[in-house]
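> Pasting in a structure now, in C-alpha cells, and then I'll have a few things to ask.
2 protein chains.
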Amino acid sequence: MQSWPLTVDRFIDHAARWHADVPIASRNHEGAITHMSWEGVRRDASRLSHALAAHGIMPGDRIGTLAMNGVRHVAAWFGIMGMGAICHTLNPRFSDEQLSYIINHAADRLIFIDRQFLPLVDRLRSQCPVIERVVVLDGDGGGGWERFLNGHGEDYPWGRFDENSGSGLCYTSGTTGAPKGVLYTHRSNYLHTMMILQPDSFNLGAGDIVMPVVPMFHANGWGLIFAAAAVGAKLVLPGSRLDGASLHDLIEREGVTVTAGVPTVWLSLLAYLKDTGKRPGKLKRVFVGGAACSEAIIRAFDQYCVEVQHVWGMTELSPVGTSGRPTPEVQALSHDEQIPYRLAQGRSMIGVDLRIVDEQGKELPRDGKSVGAIQIRGHSVVGRYYRSDAPALDADGFFDTGDVGTIDAHGYMRITDRAKDVIKSGGEWISSVDIEINAMNHPGVELAAAIGVLHPKWNERPLLLLKRSVNSDVTEEEIRELLSNRLARWAVPDAILFVDDIPLGATGKIDKKPLRARYRDYYGKQGE
Amino acid sequence: MQSWPLTVDRFIDHAARWHADVPIASRNHEGAITHMSWEGVRRDASRLSHALAAHGIMPGDRIGTLAMNGVRHVAAWFGIMGMGAICHTLNPRFSDEQLSYIINHAADRLIFIDRQFLPLVDRLRSQCPVIERVVVLDGDGGGGWERFLNGHGEDYPWGRFDENSGSGLCYTSGTTGAPKGVLYTHRSNYLHTMMILQPDSFNLGAGDIVMPVVPMFHANGWGLIFAAAAVGAKLVLPGSRLDGASLHDLIEREGVTVTAGVPTVWLSLLAYLKDTGKRPGKLKRVFVGGAACSEAIIRAFDQYCVEVQHVWGMTELSPVGTSGRPTPEVQALSHDEQIPYRLAQGRSMIGVDLRIVDEQGKELPRDGKSVGAIQIRGHSVVGRYYRSDAPALDADGFFDTGDVGTIDAHGYMRITDRAKDVIKSGGEWISSVDIEINAMNHPGVELAAAIGVLHPKWNERPLLLLKRSVNSDVTEEEIRELLSNRLARWAVPDAILFVDDIPLGATGKIDKKPLRARYRDYYGKQGE
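Protein sequence lines correspond, in order, to chains U and Z.
Numbered according to this note's numbering, the first sequence spans residues 269 to 796.
Numbered according to this note's numbering, the second sequence spans residues 269 to 796.
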C-alpha cells in the first residue's frame, strides 16, 4: 500500500478542493457576520505558512493563539500546523500566572490574538520574553493579520513530515500543581477526526452546518474544526457572543443543524427561546459536554425536536472519550426509559479502549453498578505530558482519567464523580455529581456544588451549596424533598445552603477548592 | 500521544467487548440459517489463531480462503489476520489455471474452503504442492473446522506487530497477463474502514443490519465485514444463495437495513419483489458497485423507498474509491434532476485523492465535460503489486485506475468507460458504458455489450450485442429509437444484434475479449 501520512493539512486540502465554495460564517467582536469559503481559508492558511517560514519559524516551533472561534483562528490553525509548527491554544480564562507559565513552558515564539485580548497580552509580555511577535487576528494594519500575510503565496507545500510530529498543544489547568501540556500529533488528530465523524458519534457529513460553541482553545474545540473540514461541512463560528440571543440569531440566520458546547450555554439559549417564543431554526442535534447535562436540558430541547447527545472527554483524550447515538436496544425503549441512557456520558467508539478498575487496578464488571476509576487507552490518548519524562500511563498502557463511574451492559459509561470530589461517608461513596444534577433539575436553582465536609461520626458528609436563579425563591425544604425522592437516604446532604455565588475555574467548571476550605469545619462545629 | 497500532484485530475485539450479543446470521449451503454472536466469532477466531500457530504458521505466512460469505469465513479472516498471517481470498470464479497460479504465487500454506469447492480444490492440489492442508469450513469431522480448532484457547494475543504488516491479499484477474496480487496492510484496511463508516459514505452504525451480498473474495467484500465489526452492527451473510427469493427471505427474516452488491443481484431481487408483490422489509439502503447501476434499478427501488447509492472502486483501492450520499446542493434538486448524480459513481472521501488527467498526464478541469484517465492516491491505494519490483504509481504517486471519466463541479465522478473499452470513432471517443446503460434501461434487455469494431472509414464504430430478458420480444428498432433519444447521433451503434448469451469474466463483468475477436471484421465485411 502507498505511504500516505495522516496529517491534518489533508483536511483543509480536501475541503478546499471538493467543497471550495462552502462558507465559514464568523461573527466578529463587534457583532458583524462575515463569510469566507473553505478555498479562501486554505488560501489564507497557505499565506500564513509562508509568512511564518519567512519569520524563521521551523517545524516543531510553538505558536500560540489566544482567540475565540473565528475564521482567521481556523486559518491560523491550518497555516501553523500545515507547515509543521505546533499550534498552542491559550485559554484566556486562565490566570495571568498560569498563562505566562505555559507560554514560557511551551516557548511560544509568536502569538495570534483577538484584539480584545491586547490588554491581557500587554500584561503577559513582560513576563514572557520568549514572545517575539504578537499578531492581531482581527486587525489589518500594523501588527495585524493582513499585514503579516501580505505578499505571501498561496501554494505552501504542506505536510511532507512524519505523521507523529506535533500539531497542537493544549494545557490543562489541573487542580494542583502547574498546568500540564498535552501535545497532539498529526496522526492523533487525524484519527480522532475519523472517529468522531462516525454516525454513532458526531455523525457529520457535507450536509451539516456545524456551530462549535465550545471554544477552539478547549482541547481541539472537541475536534469539530477538523471534522467539518474533513467532510466539507459549513462552519458557523460565534466569536465572543455566546448569549442565547446571539446564538439563536446565528442558528436561524446560518441554518445551523449541529452545535456543541457546555450546559450553561444551552440554558441561556433555552431561556431565550422560552422568553421570546422563537424556535431553533433547522437545529437537529446539540452535543453537550464539559459538564454533566441535566435532564431538564434534554427535555427542554425535546420540545423543539432537537436531539441532545452527551459527549464526555478531556484534554488528554483529544478530547472525545465517549459519545453516542442510542444503540438499537435503547432506541427501542420509551422516551422516558431512554432518559437515563441519554444522561449517561455515552459509549466508546473504535479507537478508545475503555475500562473501570478498582483501587488495586483490577477491571470491574460492566454491570452498571460497580463504580471504579475510568481508564482509557487509544490512538488519541496522551502518552506523557509535554516536556515530562514520566509516562502518564499505567503498566497496561492505560491513562487514568481521574473520573470515577460505571459502565452498563449496553456499554454506556456514567461518570459518578471526579475521583477527588467523591464524598466518602461511613464507608459508602456518595457522588457529588448526582446531588448537583438532581438539585439543578429544579428551575429555581442556577448552580449547585456538593462537597464532602469533615464529620465527627461519618468521616465525611455531603454539604450542598446552591445559587438561586434570578427571581427564584426556592427553599431548602423544596430541594430536600426533591433530593429525598431521587437519592438514596444517606446521599441527601445534611445541610443545604443558599449562597450568592459559586466560584468557577478557568474552564468554566465549579472550583470546589475554596468551597472545601471555607466549609471545612461546618459539620464539626454543628456537632459541637 | 500513545502508540496504538492500527490493526484489524481491534475491530473484532471492539465488537466482542461492546456488542457481544449482536448476532451474525449466516445461511449455509443447504439453506439453513444459523446465528452466532460477535463474542462467539471472536472466540472462534482466537481458537483459529492458536491452531494456526500450532500448525507452525508464522506472521507473514499466507493462508487461502475459498468460500462464500459465511460466519466461519468471517472468523477465519480475523483469526488469520489477528495473529499476523495474511488472508488470501481466492475467487472460485477464476479458472483452474488462474487459481493454481495465484495459490503458488502467494505460496498459500493452508486453505479454508466451503465444502462445495472440494472438487475444485481436489483438481488444484496436484498443481499446488505449496498447500499443506485444506480445512473445510462447513465440516466438523476430519478435515473440518471444529476438528482443526478443537482444544485451542480463546485468548490469543492478537496484534503486537507493525501496522504496516500485511493482513490480506487479493488478486485481480486482469485482462492481459497473469493475475496481479494486492497486499492489504492492517493500516490500510483500518483506515479504509474508518473512511467508509462516514455518514457521507456507507453511513454505518450499531443500529444497522448489514447484508454484504458482494462476496468476501471480492476486494475485502467492499470493506463491510470490517466496518460492521468496527461499529458492532449485525451482519447477515447469504452464503451461496444469491437469487431474489433467498435474498428477500434474509432481508425480511433478519431485518436487513443495508445491503451491497452488483447490479445483476438487484435485478433478480427486484424481479422477485415485482412477481410476488412482496416488499423489502426494513431495507433502507442498497449500495451498488462492481458495474454501473442503471436508472431502472434506482427508480425501481425508489418505489419501495429504498435509497440506491453508487459505489465505485477496484481491488487496488481496498476497494472503495468513490461513494456518496448526495451533497446538499444535489439534495435540493427535484427527484428527476437528482438521477444523473445518483447514476454517477460518487464523490471522493477524505483519504482518497482523485484526479483526471489527459494523455500527457496534465490534470483536467473538474467541469463534468473533460474526459480523462482517473487516477487515485490515498492511504488504502496499492503502491506496488505483490512480489513486484516495479511501482504501480506515476511520478506524483498516483495510481492509474484504467478507467476514464469526468468529474463535475459538485465533485461527482462519472466513469465513461474502461480505457481499453473506449470506442474511438473518427477522432471522437464514444463511451461503451453509455450505450450499454441506456440499452439496459429497456426492460426487455437483460444484458448489453457495446464494442468497438474496425471500420473502413471511421477507424472504429460501435456495435451493440444484446441478450433479451426471458419472454422479451424487444426489436432492434425499439432499441435504436431509445438510443437515438438518449445518445449523440454518432454514438448510436451501426449494428444492434441479439445473441443468446454474453460471456462474463471471473468477477461477473462482461468479458469483451472474445466478442471483439468474433466481431472484428463485422463492419469491414458490411462495407464490402
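Glycine residues also receive a C-beta, built at the ideal position from the N, C-alpha and C atoms.
Remember, predicted model here, so these are calculated numbers, not experimental data.
Which partner residues does U/Ala-564 have in the DSSP bridge list?
Within the first sequence, numbered from 1, the residue matching residue 564 of chain U stands at position 296. Partner(s): none; U/Ala-564 has no beta bridge.
> Hey, U/Arg-682 and U/Thr-669 are a contact pair by Cβ (cut 8 Å); roughly how many whole angstroms apart?
Along the first sequence, one-based indexing puts residue 682 of chain U at 414. Along the first sequence, one-based indexing puts residue 669 of chain U at 401. Not really, about 13 Å apart at Cβ, beyond 8 Å.
> Would DSSP call Z/Thr-669 helix, strand or coil?
Taking the second sequence and counting its residues from 1, one reaches residue 669 of chain Z at position 401. Here Z/Thr-669 sits in strand by DSSP.
> Hey, is the stretch 453-469 of chain Z in contact with the stretch 501-516 of chain Z, meaning 3+ C-beta pairs nearer than 8 Å?
Contact fails: fewer than three Cβ-Cβ distances are below 8 Å.
> Return no unless some Cβ of chain Z is closer than 8 Å to the Cβ of U/Trp-272.
Counted from its first residue, the first sequence places residue 272 of chain U at position 4. At least one chain Z Cβ lies under 8 Å of U/Trp-272.
> Does the beta carbon of U/Leu-465 sit closer than 8 Å to a beta carbon anywhere in chain Z?
Taking the first residue of the first sequence as position 1, residue 465 of chain U is located at position 197. At least one chain Z Cβ lies under 8 Å of U/Leu-465.
> Is Z/Tyr-790 close to chain U, meaning its C-beta is less than 8 Å from at least one C-beta of that chain?
Position 522 of the second sequence, counted from the first residue, corresponds to residue 790 of chain Z. No - not a single Cβ of chain U is within 8 Å of the one on Z/Tyr-790.
> Please list, in chain order, the residues of the stretch 636-661 of chain U that have any C-beta partner in chain Z closer than 8 Å.
Answer in chain order: Arg-645, Gly-646, His-647, Ser-648, Val-649, Val-650, Gly-651 and Leu-661.
> Residues of chain U with CB closer than 7 Å to the CB of Z/Asn-471, please, in chain order.
In the second sequence, counting from the first residue as 1, residue 471 of chain Z sits at position 203. In chain order: Pro-467.
> If you count every other CB in all the chains shown that lies within 10 Å of the CB of Z/Trp-697, and 16 or more means buried, which is it?
On the second sequence, position 429 is the one that residue 697 of chain Z refers to. Z/Trp-697 is exposed by the Cβ-count criterion.
> Out of U/Ser-752, U/Ser-305, U/Thr-684 and U/Gln-384, which one is the CA nearest neighbour of U/Arg-509?
Translated into positions along the first sequence, residue 509 of chain U becomes position 241. Closest by alpha carbon: U/Gln-384.
> By how many angstroms is the C-alpha of U/Gly-636 removed from the C-alpha of U/Thr-544?
By 1-based counting over the first sequence, the position of residue 544 of chain U is 276. By 1-based counting over the first sequence, the position of residue 636 of chain U is 368. Rounded to whole angstroms, U/Thr-544 to U/Gly-636 spans 41 Å at the Cα level.
> Output, in sequence order along the chain, the residues in the stretch 305-323 of chain U whose CB is closer than 8 Å to any CB in chain Z.
Answer in chain order: no residues at all.
> Given this structure, state the Cα-to-Cα distance separating U/Leu-551 from U/Glu-520, to the nearest angstrom.
The residue given as residue 551 of chain U occupies position 283 in the first sequence. The residue given as residue 520 of chain U occupies position 252 in the first sequence. Rounded to the nearest angstrom, the two C-alpha atoms are 8 Å apart.
> Could you tell me which uninterrupted alpha helix (DSSP H) segments, each at least 4 residues in length, are contained entirely in the stretch 366-417 of chain Z, listed from first to last along the chain?
List check, alpha helix (DSSP H) in window: 386-393 and 413-417.
> Name the DSSP beta bridge partners of U/His-723, please?
Position 455 of the first sequence, counted from the start, is the residue given in the question as residue 723 of chain U. Beta-bridge pairing links U/His-723 to U/Asn-727.
> If you draw a straight line from the C-alpha of U/Gly-338 to the C-alpha of U/Pro-483, how long is it?
If you number the first sequence from 1, residue 338 of chain U lands on position 70. If you number the first sequence from 1, residue 483 of chain U lands on position 215. The straight-line gap from Cα to Cα measures roughly 10 Å.
> Can you find the residues in the same chain that come closer than 7 Å, C-beta to C-beta, to U/His-647, ignoring five residues on each side of it along the sequence?
As a position in the first sequence, residue 647 of chain U is number 379, starting the count at 1. Closer than 7 Å at Cβ, skipping near neighbours: Ser-456, Leu-459 and Gly-619.
> Under the three-state reduction of DSSP, which class applies to Z/Gln-643: helix, strand or coil?
As a working note, residue 643 of chain Z is residue 375 in the second sequence. Looking at Z/Gln-643 - three-state DSSP - the assignment turns out to be strand.
> Might you give, ordered along the chain, the residues of its own chain that have their beta carbon closer than 6 Å to the beta carbon of Z/Pro-273, omitting 5 neighbours on each side?
On the second sequence, residue 273 of chain Z is found 5 positions in, with the first residue counted as 1. Same-chain partners within the cutoff: Glu-431.
> Within 8 Å (strictly less), CB to CB, does U/Ser-591 reach chain Z?
Position 323 of the first sequence, counted from the start, is the residue given in the question as residue 591 of chain U. No, U/Ser-591 lies away from the interface with chain Z (no Cβ there is under 8 Å from its Cβ).
> Along the chain, where does the beta strand (DSSP E) containing U/Glu-696 start, and where does it finish?
Your numbering for residue 696 of chain U matches position 428 in the first sequence. Note, U/Glu-696: beta strand (DSSP E), 696-698.
> Using the Cβ count rule (16 or more neighbours within 10 Å means buried), how would you classify U/Pro-531?
Working through the first sequence from its first residue, we reach residue 531 of chain U at position 263. Buried, by the Cβ-count rule.
> Are any of the Cβ atoms in chain U nearer than 8 Å to that of Z/Ser-616?
Position 348 of the second sequence holds residue 616 of chain Z. It does: the Cβ of Z/Ser-616 has a partner Cβ on chain U nearer than 8 Å.
> Give me whichever residues DSSP pairs with Z/Asn-337 in a beta bridge.
Locating residue 337 of chain Z in the second sequence gives position 69, counting from the first residue. Per DSSP, Z/Gly-507.
> Is there a Cβ of chain Z sitting closer than 8 Å to that of U/Gln-599, yes or no?
As a working mapping, residue 599 of chain U is identified with position 331 in the first sequence. Taking Cβ atoms only, chain Z reaches closer than 8 Å to U/Gln-599, which makes this a yes.
> Just how far apart, CA to CA, sit Z/Thr-275 and Z/Gly-411?
Working through the second sequence from its first residue, we reach residue 275 of chain Z at position 7. Working through the second sequence from its first residue, we reach residue 411 of chain Z at position 143. Straight-line Cα distance between these residues: approximately 30 Å.
> Tell me which residues of the stretch 550-569 of chain U have at least one Cβ-Cβ distance to chain Z shorter than 7 Å, keeping chain order.
Correct list: empty, as no residue qualifies.
> Pull up the CB-CB distance for U/Val-672 and U/Val-639, whole angstroms please, since I reckon it's below 8 Å.
Within the first sequence, residue 672 of chain U is the residue found at index 404, counting from 1. Within the first sequence, residue 639 of chain U is the residue found at index 371, counting from 1. Going by Cβ atoms, the distance from U/Val-672 to U/Val-639 rounds to 6 Å, so yes, they are a contact pair.
> Quick one: give me the first and last residue of the beta strand (DSSP E) that Z/Pro-531 is part of.
Start at 1 with the first residue of the second sequence, and residue 531 of chain Z comes out as number 263. Not the beta strand (DSSP E): Z/Pro-531 falls in the alpha helix (DSSP H), residues 531-544.
> Where do the ends of the beta strand (DSSP E) carrying Z/His-356 lie?
For the purposes of this step, residue 356 of chain Z is taken as residue 88 along the second sequence, with counting starting at 1. It spans 354-357 - the beta strand (DSSP E) in which Z/His-356 sits, taken as one unbroken run.
> DSSP state of Z/Phe-279, grouped into three classes?
The residue labelled residue 279 of chain Z in the question sits at position 11 within the second sequence. If DSSP states are grouped into helix, strand and coil, Z/Phe-279 belongs with the helices.
> Does the stretch 566-575 of chain Z come close enough to the stretch 650-662 of chain Z that 3 or more CB-CB pairs lie under 8 Å?
Judged by Cβ distances under 8 Å, the stretch 650-662 of chain Z makes no contact with the stretch 566-575 of chain Z, as fewer than three pairs qualify.
> Would you give the residue range spanned by the alpha helix (DSSP H) that Z/Gln-606 belongs to?
As a working mapping, residue 606 of chain Z is identified with position 338 in the second sequence. Z/Gln-606 -> alpha helix (DSSP H) spans 603-611.
> Excluding sequence positions up to five away, which residues of its chain have a Cβ less than 7 Å from the Cβ of U/Gly-534?
By 1-based counting over the first sequence, the position of residue 534 of chain U is 266. Correcting the residue type first, residue 534 of chain U is Trp in the shown sequence and not Gly. If we look at U/Trp-534 and ignore the five residues flanking it on each side, its Cβ neighbours are Val-554, Val-556 and Ile-565.
> Look up U/Arg-754 in the DSSP assignment and say whether it is helix, strand or coil.
In the first sequence, counting from the first residue as 1, residue 754 of chain U sits at position 486. Three-state result, U/Arg-754: helix.
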